[in-house]
Amino acid sequence: MVKDRLRICCISFKFSPIIGGAEARTEKQARQLQALGHDVTIVTLRHNKQWQHTEQFDGLPVIRVGG
Numbered sequence: 005m006v007k008d009r010l011r012i013c014c015i016s017f018k019f020s021p022i023i024g025g026a027e028a029r030t031e032k033q034a035r036q037l038q039a040l041g042h043d044v045t046i047v048t049l050r051h052n053k054q055w056q057h058t059e060q061f062d063g064l065p066v067i068r069v070g071g
């Protein structure tokens with residue numbers, strides 16, 4: 005755990021369920037930061053209008069914008 009907890013926003017053009025190398029890397033980094041005790045949120049595009057604007061992806065907050 006860290007002494008000073010940070011609120012971190014990771015921005016990715018795509019994120020799950022669209023998976024590629026950059027998306028996998030973003031998730032891995034976000035989870036590592038969470039493990040250190042930081043609050044991490046992923047912000048990504050809403051590529052499909054049927055997707056929710058906000059969700060939890062295995063405990064990782066995801067905000068989808070646009071669409």
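The sequence shown begins at 5 in the numbering used here and counts up by one. The beta-carbon is built from N, C-alpha and C at its ideal position, and this holds for glycine as well. Please read these numbers as outputs of a predicted model, since none were measured by experiment.
Straight-line Cα distance separating residue j from residue i
i, j, result
"Gln38", "Arg9", "10 Å"
"Ala28", "Arg50", "17 Å"
"Gln36", "Trp55", "26 Å"
Neighbourhood of residue i by C-beta, 7 Å cutoff - its chain only, sequence neighbours within 5 removed
i, result
"Lys53", "Gly71"
Exposure label - residue i; buried when at least 16 CB within 10 Å
i, result
"Val69", "exposed"
"Gly31", "With the sequence shown as reference, residue 31 is identified as Glu, and Gly is not the correct amino acid for it. Classification of Glu31: buried, given that the 10 Å Cβ count is 16 or more."
"Ile46", "buried"
"Thr58", "exposed"
Endpoints, beta strand (DSSP E) assigned at residue i
i, result
"Gln60", "58-61"
"Arg68", "64-69"
"Leu49", "43-49"
Pair within 8 Å by beta-carbon distance, residue i and residue j
i, j, result
"Ser20", "Phe61", "yes"
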